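Numbering (our numbering), first residue to last: 756 to 841.
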């Protein structure tokens, strides 16, 4: 099992803490739609043409905690205010 970590950026290898690598991040969506979503697509072989990829692991990052309002104000705003009040 794997989960989001701060080093998860395009072309980085996803290594779960208790197993072998899941694959490589090939796409990352960071607030593409203005609603705070953070989604990462991971594939085993990033060199395969897109039409030959048979399996994709999708990881979703959870909401940034309100306690991080000073260090990540935009994330907190999108995750809590925009999504919950509007």
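All residues carry an ideal CB built from backbone N, CA and C; glycine is no exception. Fair warning: this is a prediction, and the values are worked out from it, not measured in the lab.
It is roughly 25 Å from the alpha-carbon of residue 798 to the alpha-carbon of residue 819. Residue 830: member of the alpha helix (DSSP H) spanning 828-831, first to last residue. Residue pairing by DSSP puts residue 778 in a beta bridge opposite 769.
The C-beta separation of residue 783 from residue 764 comes to about 6 Å, placing the pair in contact by the 8 Å criterion.
Residue state for residue 762 is assigned as coil, using DSSP reduced to three classes.
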